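Comments concern the structure below.
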Amino acid sequence: MLRGYVRDPASLFFSLLFPLLFLVIFGAVFGGDEGTRRFDLLATGEGPVIDALPSEIFDMERVDSLAEGAGRVADGDAVAVVAQDGDEVTVRYQASDQVGGQTVLGVVASLVDRANLDALGGTETYTLQTQQVEDESLGGMEFITPGLLSWAVSIGAVFGAALTLVNWRTRGVLRRLRLTPAPVTEIAAARVAVSLGLALAQTALFLLVGRLFFGLDLSGPWWWAFPVVLVGTLAFLSIGLLVGAVASTADAASTLANLVVVPMAFLSGTFVPLDNAPGWMRVVAQVLPLTHLLEALKNVMVLDRGFLSTLPHLAVLVGFSAVCSAAAIRLFRWDQT
Amino acid sequence: MERADTTPDHGPTVEVIDLHKRYGDVRAVDGVSFHVAPGEIFGLLGPNGAGKTTVLEIIEGLRQPDSGQARLLDQPVWPRNQALLPRIGVQLQASAFFDRLTAREQLETFASLYGAPRRRVDEALADVGLTDSARVRVEKLSGGQAQRLALACAFVHDPDIVFLDEPSAGLDPQSRQQLWHVIRALAAGGRTVVMSTHYMEEAEALCDRVAIMDAGQVLALDAPARLVRHLDVPVLVSVPAECMTADSARRLDGAERVEGDGATTTIATRQRARVLHQLDQRHLLDVAEVTGASLEDVFLSLTGRRYHDVSGHR
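The listed protein sequences derive, respectively, from chains A and B.
Heads up, the first sequence is in the numbering used here, so the first residue is 1 and it goes up one at a time.
Heads up, the second sequence is in the numbering used here, so the first residue is 1001 and it goes up one at a time.
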């Protein structure tokens, strides 16, 4: 069965390389040097505010007039143009780039305040000290890798189980197997073993690519990711079995599997963190198995929390496996009619 | 294709007693009974929807009959009887293969599911003439090769009884001949073969006995030749049209019906000696051809319908 699977370039690509492709794309965008973002800024005129614009944040370019600068901002060449004409400082900034616009406004406003203070000959009463703190909202690769890995495991298992079941039923393989003396459990176990092996290979591939090419920062107990992935795969296989038991054709199974997997990927925060999501969405996320696979993976891969911390999540996944498998067995059909 | 061990079974290998099965309002099987002796090739012949496949599925233990009983090797098949499974082989549709395996791997998989020894794989491949295609993936096999591989999967574990559902459906004449050859060899090796078919000529050429089915019932059951012989239908004598026109043929003594299509004049008669004697007097015996009745005529006389019209094939 493994041979048959490995020889199918389409399904191999879809379940192994396709998610990896996402990892590479996301990794190239967010991974590696996650230092401060730089902004293109246009400046015109003379004065203390213009002179003080910090070059660590801004790539600055001089323009001849405010009108010319505003035109280029409108074209998308820069996030803003700053002009100083005597006492007057003017900023025109892009409406579409909220972060860039607000950054420029904030910086220019503080520079104007400072210039006013200097002009009045005052001294600073208050000073501001800042320092970065390591927080739970993970950056770059440490967020992306567990997210994409849990998503890859879920689509691989759901589609694999659903399509295998439907194809075997529609083409008469199930009927044929029923007429052999081999126990059904043995056949099912062989197929499950193939899926588990693929999921482990997937995990190894993700960790390797993330580590070697995108500076993924793994925490101490990261190897617990493998048993976590095994439990997660079982849960999603059982969901796939349920989909395959309900659907009559391969097309229907595909559609149904997509309906399950795609909304779940977003609601569980595998692509985009749920930190800013509305409350109801976070409640929904708590009942989705993908959320628990993702949390368990994060705990061991990047948050250094140890295997024990994953147990509540794994318990939910095991519960899902039990419920969905039981439902799939009830709805199981040997043939089409 | 000798059997490894030949169990001396007494009585029929297959025993079907008054089977009934209905789907909603349709009586798919409506009182079917027959026996099959060891080593026999037994055919269920009928148009699509006659109930052949349902009968086979009940005998294989895939379906429960509403009433009646099927027994294989002196054991009931329902409730599902695991002990029977190694002793029967079933050829399902040629699509019932695992994805992307080669012909040999496919057979190896089935052999291992039955716990059959590895050497049987090569023997079965040779039996169906696929030794040269052993490393070809199933998707790349021709229709005839795929059907023969499906057949090999049905007997790789040395069963006593082999069930074939429309084994040559959709095959070209040459592939069909090859398949028939394999099936005859199976029976010659001592196995019992039970098959369904909607091809009249397949039933005539292959089966020792045939049950003609229509609308869920067995209309007649006997050796094909005997079914035909008992039929009171005319034989057809045909001569080239340039030797004898339809008009002059109608004046022959004993001609019941004459048809001419410009190339051939065909005379239907129940007195073939008298007609042939008259042709001999005109020195036409060398160019005359005599065609006897076939199972098609049997079907026509049993149902009042032409088989061509109802079979939906050919």
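Cβ atoms here follow ideal geometry from the backbone N, Cα and C, with glycine treated the same way.
In this text the structure is predicted, and so the values were computed from the model without any measurement.
Can you give the Cα-Cα distance for residue i and residue j, rounded to whole angstroms?
i	j	result
H1313 (chain B)	L237 (chain A)	Residue confidence for H1313 (chain B) is low, a pLDDT of 47 falling below 50, so the modelled location carries little weight and cannot support an answer.
A1315 (chain B)	G1051 (chain B)	This structure cannot speak to residue 1315 (chain B), because chain B is shown only from 1001 to 1314.
R169 (chain A)	I25 (chain A)	37 Å
L1252 (chain B)	Q1281 (chain B)	12 Å
A1152 (chain B)	Q1091 (chain B)	8 Å
E34 (chain A)	V284 (chain A)	Low confidence applies here, because E34 (chain A) scores a pLDDT of 47, under 50, leaving its location unreliable and the question unanswered by this model.
T1054 (chain B)	P1047 (chain B)	13 Å
E1201 (chain B)	T203 (chain A)	59 Å
Y1307 (chain B)	M1213 (chain B)	12 Å
D1247 (chain B)	Q1177 (chain B)	40 Å
D1005 (chain B)	L242 (chain A)	Unreliable positioning characterises D1005 (chain B) in this predicted model, as indicated by a pLDDT of 45, which lies under 50. A coordinate reading is not provided.
S65 (chain A)	V272 (chain A)	41 Å
M62 (chain A)	F226 (chain A)	What sits at residue 62 (chain A) in the sequence shown is Arg, not Met. R62 (chain A) and F226 (chain A): Cα-Cα distance of roughly 55 Å.
G319 (chain A)	S248 (chain A)	26 Å
P1079 (chain B)	P1086 (chain B)	16 Å
T180 (chain A)	A253 (chain A)	26 Å
L218 (chain A)	V29 (chain A)	19 Å
D59 (chain A)	A157 (chain A)	47 Å
G1031 (chain B)	D1297 (chain B)	24 Å
A1273 (chain B)	L1019 (chain B)	45 Å
G45 (chain A)	T125 (chain A)	31 Å
A1037 (chain B)	A1103 (chain B)	32 Å
D75 (chain A)	A43 (chain A)	16 Å
L1279 (chain B)	L1285 (chain B)	6 Å
A327 (chain A)	R175 (chain A)	21 Å
R1027 (chain B)	T1197 (chain B)	20 Å
A1134 (chain B)	L1141 (chain B)	10 Å
A257 (chain A)	G71 (chain A)	49 Å
E88 (chain A)	G210 (chain A)	50 Å
V1290 (chain B)	G1039 (chain B)	33 Å
L208 (chain A)	A201 (chain A)	10 Å
A1211 (chain B)	R1305 (chain B)	17 Å
G240 (chain A)	W334 (chain A)	17 Å
A1203 (chain B)	P1117 (chain B)	33 Å
G1144 (chain B)	D1172 (chain B)	8 Å
R1100 (chain B)	D304 (chain A)	43 Å
L1276 (chain B)	N1081 (chain B)	59 Å
V1077 (chain B)	V231 (chain A)	40 Å
H1035 (chain B)	Q1075 (chain B)	14 Å
V1319 (chain B)	A265 (chain A)	Outside the displayed range of chain B (1001 to 1314) lies residue 1319 (chain B), so it cannot be described from this structure.
Residue i bridges to which residues according to DSSP?
i	result
E1256 (chain B)	Answer is none; E1256 (chain B) lacks a bridge partner.
K1052 (chain B)	BP columns for K1052 (chain B) are empty, so no partner.
Y1023 (chain B)	B:V1026
S1238 (chain B)	B:T1266, B:E1289
E88 (chain A)	A:D85
G1089 (chain B)	B:V1162
D59 (chain A)	A:D40
E1015 (chain B)	B:H1035, B:R1071
R1137 (chain B)	B:T1102
G1115 (chain B)	Partner(s): none; G1115 (chain B) has no beta bridge.
Y93 (chain A)	A:A80
G45 (chain A)	A:Q84
Report the CB separation of residue i from residue j in whole angstroms; it is logged as a contact under 8 Å.
i	j	result
S1301 (chain B)	L1231 (chain B)	6 Å
L17 (chain A)	S150 (chain A)	No, L17 (chain A) and S150 (chain A) are not in contact; Cβ-Cβ is about 17 Å, not under 8 Å.
M141 (chain A)	L216 (chain A)	4 Å
I1041 (chain B)	D1208 (chain B)	5 Å
L1072 (chain B)	I1088 (chain B)	6 Å
T410 (chain A)	W224 (chain A)	An answer regarding residue 410 (chain A) cannot be provided, because it is not within the stretch 1 to 337 covered by chain A.
I144 (chain A)	L23 (chain A)	7 Å
Which residues in chain C have a C-beta closer than 7 Å to the C-beta of residue i? List them in chain order.
i	result
E1060 (chain B)	Within the model displayed, chain C is absent; protein chains A and B are what it includes.
Touch test, the segment 275 to 288 of chain A against the segment 183 to 199 of chain A, Cβ-Cβ under 8 Å, three pairs minimum: no
Proximal residues, the segment 1111 to 1144 of chain B versus chain A, C-beta separation under 7 Å: L1113, Y1114
Members of the segment 1092 to 1107 of chain B that neighbour chain A once the beta carbon cut-off is set at 8 Å: L1092, Q1093, S1095, A1096, F1097, F1098, D1099, R1100, L1101, E1105
Under 9 Å (Cβ pairs) to chain B, residues found in the segment 237 to 254 of chain A: none
Near-chain B residues of the segment 145 to 157 of chain A (beta-carbon distance less than 9 Å), N- to C-terminal order: none
Residues, ordered as in the chain, of the segment 301 to 335 of chain A that lie near chain B by beta-carbon distance below 7 Å: none
Members of the segment 1067 to 1094 of chain B near chain A, C-beta cut-off 8 Å: Q1082, L1085, P1086, I1088, V1090, L1092, Q1093
Sufficient close CB pairs (3 or more, under 8 Å) joining the segment 1125 to 1133 of chain B to the segment 1167 to 1182 of chain B: yes
Touch test, the segment 174 to 190 of chain A against the segment 104 to 112 of chain A, Cβ-Cβ under 8 Å, three pairs minimum: no
Contact set between the segment 179 to 208 of chain A and chain B, restricted to residues whose Cβ is under 7 Å from the partner: L179, T180, P181, A182
Contact between the segment 81 to 94 of chain A and the segment 41 to 53 of chain A (3+ Cβ pairs under 8 Å): yes
Residues of the segment 256 to 272 of chain A with Cβ closer than 7 Å to any Cβ of chain B, in chain order: none
Proximal residues, the segment 159 to 177 of chain A versus chain B, C-beta separation under 8 Å: N167, R171, G172, V173, R175, R176, L177
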